[in-house]
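Engineer: Take this structure first; my questions come after.
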Amino acid sequence: MAAGINVPDLAVLLGDMGAMASHPLPVIAGLDQPFSLEGDLSVDGDIRLSDLRGKFAATTLSGALEYIMEDDPALTATVRADQIDLDPFFAKDAVDAVAAEGASTFPEKTVNWPDVPKDLALTLSLAVDAAHYRGGMISRATMDLHSEDGVLVIEQARANLPGASSLSLNGQLSQKGENPQLAGTLKASSSNVRAVLDWLEIALPIPRDRLSSLVFESAVKATPNDMAFDDLRLVLDASRLEGTVLMVFGPDQPALEADIRVDRLALDDYFLPPAPDAPPFDRVDLSRRANDMLVDSESLDLRLKLALGRLSAFGQDLRDVQLVLDRHLDALTVERAAFKNQEGADFGFSGRVQAGDDIPGINMLVRGSLPDLARAVDALAVTSPPFLRPVGSVTFEGRIAGALTDVEVDLGGQLAGGRLTARGKAGSVLDPKAGTLDLDLTVDHPSHRALAARFGFDALAHGDALPVHLEAQLSGPAMGLDVAGKGRLLGGQMDVTGQMAGHDGGQNLELDITATHPELAQLVRQVIPDYRPRKAELGPLSGHLSVAYDASSHRLGLKIAPSEVGPSRVSGIVDVNLAKDRPFLTAELDLGAVPLPDFLPPASTGIMPARKTGTRRWSQEPLALEGLRGFDGTLALAAQMMTLDPWSWMRRWWKPDWTKGC
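For this note's numbering, add 283 to where a residue sits in the sequence shown, where the first one is 1.
Now the structure itself:
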């Protein structure tokens, strides 16, 4: 016989059925449409509905139903829809109306799924030829399932999506405690991820040639309270990702836990070029946003373990990237962060990031090795001065703590073969040109010769290898630092005061230096190793000079105040042009009374040997001037008086030029 139902509003019918059921049915927006269903009904101990035909709004339905009532009952149903419009189910007005009635899809976090009798053999086959949503079409949507001991087994649920994309799921749906649980395998693929995003009206600031393809597969477990992805595998464009993800939705703090491994990621390729009128990148503004996220009580708890084989980001090619962090309440704990770059730099840190009033604060242990210090300084958007170029590799370790705009450091490391320490306030890590410093620096090196050779001062890379100890205090604003220091160098002592003034082109230096040495002859031997004057001890050196370095012209200027040099005095100016391929030195020196015999070698080897046949002649032995090979230059030398028994010269000038030591 024929049977049927015809109602003007399916939502009302389901509401009435839910009121009579022990478990109220969830309220779903979009069901307030006319519904009709008819077919051929036969009852002969079993119940069969064949040739089912129906309408839901503009959707045409067909199918069949059979219920076998025996010792082993079985229910088999097949339903097919030609097409369905999904937009009413997600229309904002309809969703708001449901919310206004105080209803939702799942009114509580605990959801009691309708029980399937364990002795019922349920078989269900659903198919939708076409579903229209947001102007796109979902095609060939099917779901086949059956029951086993009260558990719904989803043999396969799949659909084709816009962008040559597909989505499929198989698994089991069962009641676990108070909530239903879905456990199965989720797969997705797309030949045009961008088309899917456009269809869903998801706008991402990513170049159009990115997000071209995707392949995803994962074991999934989901309840109304959480969702877990295990053995996750994702291929997105040229990147391959593996790992696990757990998302917790409540009822307390939402949380995300992930353990992800990525073979490579070209992050720069996913950034749009800045607009011509775009403001420059602002680290301070970014840190304020991060601070807001830390203090946001609704932000999710995060536990992340990330490993990247290769990462291209912000113009840097990094490898072996490791990150393990935990975010809870207003703090971010970094258990481990490490990376290397293609030049061999190795950097790592661990510690805590804490929300502040406006800017986050940090307390981090850091360590690293840099193959090129100057390049690292350049990467901070600060033009490194030329004297940093020869430094080469640097290793360091220590602690950085405080607000990002005013950090304190306690660092030690190896620099140019020596030991460097830095302690105190180091300014702002967000803007190296801002902030105030109060920093103590020390440098210890076992050999001045090795240090001089490293920085290209070949003239000093001779003689006995003497230890070097330097101390400096930097204080004041970062672009106008006061400098005070002292140290031991070449066997003598020096004291330094002055200022380091910064600008867009680099750092200018203005320093006053006082230097003393107990024995001039010993100091000269550091430049001319074989120097042995006739007078074994020439006396001490006590001098004062002013040093000025201009970063824009790369020139170093020295002004020597009247100074004691052994038995004589000296004053004058020295200019060194460092912008040329080879340093060029220009010097004008004014000497006092110079007793030349004191400075010359003994008679047997000097420039005035013992008498031969009653006459004096100049020595033919070359002077050892290897120390001049490191630079070119010109020298104007004046002496108030020079004496060389039996002669003396008053106010004489000597003006040699040399190139490569000649």
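Yeah, the Cβ is synthetic: ideal placement off N, Cα and C, and Gly gets one too.
Just the Cα atoms here: how many angstroms apart are D655 and A733?
Structural biologist: The sequence position of residue 655 within the sequence shown is 372, counting from 1. The sequence position of residue 733 within the sequence shown is 450, counting from 1. Cα to Cα, the separation comes out at about 18 Å.
Engineer: Going by other Cβ atoms of all chains shown within 10 Å of its Cβ, with 16 needed for buried, is S887 buried or exposed?
Structural biologist: Counting from one through the sequence shown, the residue named residue 887 turns up at place 604. Unreliable positioning characterises S887 in this predicted model, as indicated by a pLDDT of 45, which lies under 50. The coordinate reading is nonetheless provided below. Classification of S887: exposed, given that the 10 Å Cβ count is below 16.
Engineer: How should S473 be labelled, buried or exposed, when 16 other C-beta atoms within 10 angstroms of its C-beta is the threshold for buried?
Structural biologist: For the purposes of this step, residue 473 is taken as residue 190 along the sequence shown, with counting starting at 1. By the neighbour-count rule (16 or more Cβ atoms within 10 Å), S473 is buried.
Engineer: Please report the distance separating the alpha-carbon of T719 from that of A921.
Structural biologist: If you number the sequence shown from 1, residue 719 lands on position 436. If you number the sequence shown from 1, residue 921 lands on position 638. Taking the straight line from one Cα to the other gives about 46 Å.
Engineer: Compare the C-alpha of D368 against each of D323, D334, D327 and Y416 and name the closest.
Structural biologist: Stepping through the sequence shown from its first residue, residue 368 is reached at position 85. Restricting attention to D323, D334, D327 and Y416, the CA atom closest to the CA of D368 is found in Y416.
Engineer: As a quick exercise: from M284, I645, V726 and D721, pick the residue whose alpha carbon is nearest that of G700.
Structural biologist: Position 417 of the sequence shown, counting from 1, holds the residue named residue 700. Out of M284, I645, V726 and D721, V726 has the C-alpha closest to the C-alpha of G700.
Engineer: Using the Cα positions of I421 and A717, report the straight-line distance between them to the nearest angstrom.
Structural biologist: For the purposes of this step, residue 421 is taken as the residue at position 138 of the sequence shown. For the purposes of this step, residue 717 is taken as the residue at position 434 of the sequence shown. Cα to Cα, I421 sits roughly 56 Å from A717.
Engineer: Determine contact between the stretch 615-627 and the stretch 640-660, defined as no fewer than three beta-carbon pairs at a distance below 8 Å.
Structural biologist: yes
Engineer: Restricting to Cα atoms, I'd like to know which of D881, G916, A919 and D915 is closest to L927.
Structural biologist: Here the question's residue 927 lines up with position 644 in the sequence shown. Comparing Cα-Cα distances from L927 to each of D881, G916, A919 and D915, the minimum goes to D881.
Engineer: Taking the continuous alpha helix (DSSP H) assigned at S449, which residues delimit it?
Structural biologist: Along the sequence shown, read from residue 1 onward, the residue named residue 449 stands at position 166. It is not in any alpha helix (DSSP H) - S449 instead sits in the beta strand (DSSP E) that spans S448 to K459.
Engineer: Would Q464 pass as a contact of K504 if the rule is Cβ separation under 8 Å?
Structural biologist: Here the question's residue 464 lines up with position 181 in the sequence shown. Here the question's residue 504 lines up with position 221 in the sequence shown. Their beta carbons are under 8 Å apart, which means Q464 touches K504 by this criterion.
Engineer: Nearest CA to the CA of L494: which residue from L550, A440 and S451?
Structural biologist: Sequence index remark: in the sequence shown, residue 494 carries index 211 (1-based). Check the Cα spacing between L494 and each of L550, A440 and S451: the tightest is with L550.
Engineer: According to DSSP, simplified to helix, strand and coil, what is P557?
Structural biologist: Walking along the sequence shown from the start, residue 557 turns up at place 274. Coil at P557, not helix or strand.
Engineer: Does the structure place the stretch 821-831 close enough to the stretch 843-850 that three or more beta carbon pairs sit under 8 Å?
Structural biologist: yes
Engineer: CA-CA distance, G298 and E500?
Structural biologist: One-based indexing of the sequence shown puts residue 298 at position 15. One-based indexing of the sequence shown puts residue 500 at position 217. Cα to Cα, the separation comes out at about 38 Å.
Engineer: For F632, I'd like the list of residues in its chain whose CB is within less than 7 Å of its CB, leaving aside the five on either flank, ordered along the chain.
Structural biologist: Here residue 632 refers to the residue found at position 349 when the sequence shown is read from its first residue. These residues qualify, in order along the chain: V617, A620, M647, L648 and V649.
Engineer: Using the Cβ count rule (16 or more neighbours within 10 Å means buried), how would you classify G598?
Structural biologist: Against the sequence shown, residue 598 aligns to sequence position 315. That one is exposed.
Engineer: Is the Cβ-Cβ distance between V690 and V712 less than 8 Å?
Structural biologist: Mapped onto the sequence shown, residue 690 falls at position 407. Mapped onto the sequence shown, residue 712 falls at position 429. Closer than 8 Å, so yes.
Engineer: When we look at the beta-carbon of F389 and count the other beta-carbons within 10 Å, is it buried (16 or more) or exposed?
Structural biologist: Here residue 389 is taken as the residue at index 106 of the sequence shown, counted from 1. Any reading at F389 must be qualified, since the residue scores a pLDDT of 43, below 50, and its modelled position is unreliable; no value is offered.
Engineer: Compare the beta carbon distance of L794 and V853 with 8 Å and say whether it is the shorter of the two.
Structural biologist: The residue given as residue 794 occupies position 511 in the sequence shown. The residue given as residue 853 occupies position 570 in the sequence shown. Going by C-beta atoms, L794 is not nearer than 8 Å to V853.
Engineer: Run through the stretch 602-689 for me and flag every whole beta strand (DSSP E) of 3 or more residues, listed as ranges in chain order.
Structural biologist: Qualifying beta strand (DSSP E) stretches, in chain order: 614-624, 629-637, 644-653 and 677-686.
Engineer: If you drop the 5 nearest sequence neighbours on each side, which residues of the same chain put their C-beta closer than 8 Å to that of V567?
Structural biologist: What you label residue 567 is simply residue 284 of the sequence shown in a count that begins at 1. Hits under 8 Å: I642, T688, L713 and D714.
Engineer: Taking one C-beta from the stretch 797-804 and one from the stretch 733-753 each time, how about it: are there three or more such pairs within less than 8 Å?
Structural biologist: no
Engineer: Mind reading off the beta-carbon distance from L548 to L606? Whole number of angstroms is fine, and I expect it under 8 Å.
Structural biologist: Here the question's residue 548 lines up with position 265 in the sequence shown. Here the question's residue 606 lines up with position 323 in the sequence shown. That pair is no contact at about 12 Å.
Engineer: Per DSSP, P760 is paired with what?
Structural biologist: Reading the sequence shown from its first residue, position 477 is the one you call residue 760. Paired residues: T719.
Engineer: Can at least three beta-carbon pairs, one atom from the stretch 569-577 and one from the stretch 525-535, be found at a separation below 8 Å?
Structural biologist: no
Engineer: By DSSP, does R815 sit in helix, in strand, or in coil?
Structural biologist: As a working note, residue 815 is residue 532 in the sequence shown. R815: coil per DSSP, three-state reduction.
Engineer: Tell me the residue span of the beta strand (DSSP E) that contains D279.
Structural biologist: Residue 279 is absent from the model: the chain starts at 284 and stops at 945.
Engineer: Just to confirm the assignment, what range does the beta strand (DSSP E) spanning N860 have?
Structural biologist: In the sequence shown, the residue the question calls residue 860 occupies position 577. Taken as a continuous stretch (DSSP letters only), the beta strand (DSSP E) holding N860 covers S851 to N860.
Engineer: Would you check if there are 3 or more beta carbon pairs closer than 8 Å linking the stretch 352-362 to the stretch 313-325?
Structural biologist: no
Engineer: Please state if the CB of R808 and the CB of P884 are separated by a distance shorter than 8 Å.
Structural biologist: Position 601 of the sequence shown holds residue 884. Position 525 of the sequence shown holds residue 808. Annotated as distal: P884 and R808, with beta-carbon spacing of 8 Å or more.
Engineer: Determine the extent of the alpha helix (DSSP H) in which S582 is found, giving its start and end residues.
Structural biologist: What you label residue 582 is simply residue 299 of the sequence shown in a count that begins at 1. S582 -> no alpha helix (DSSP H), and no H or E assigned at all.
Engineer: Starting from F738, trace the alpha helix (DSSP H) in both directions and tell me its first and last residue.
Structural biologist: By one-based count along the sequence shown, residue 738 stands at place 455. Segment: none, F738 is in no alpha helix (DSSP H) and carries neither H nor E.
Engineer: M303 by DSSP, collapsed to three states: which one?
Structural biologist: Residue mapping note: residue 303 aligns to position 20 of the sequence shown, counting from 1. DSSP, reduced to helix, strand and coil, places M303 within a helical segment of the structure shown.
Engineer: Please name the residue or residues paired with F532 in a DSSP beta bridge.
Structural biologist: Translated into positions along the sequence shown, residue 532 becomes position 249. Partner(s): none; F532 has no beta bridge.
Engineer: Work out the CA separation of L722 and I890 for me, nearest whole Å.
Structural biologist: For the purposes of this step, residue 890 is identified with residue 607 of the sequence shown, where counting begins at 1. For the purposes of this step, residue 722 is identified with residue 439 of the sequence shown, where counting begins at 1. With a pLDDT of 44 at I890, under the threshold of 50, the modelled position of this residue cannot be trusted, and the question is left open.
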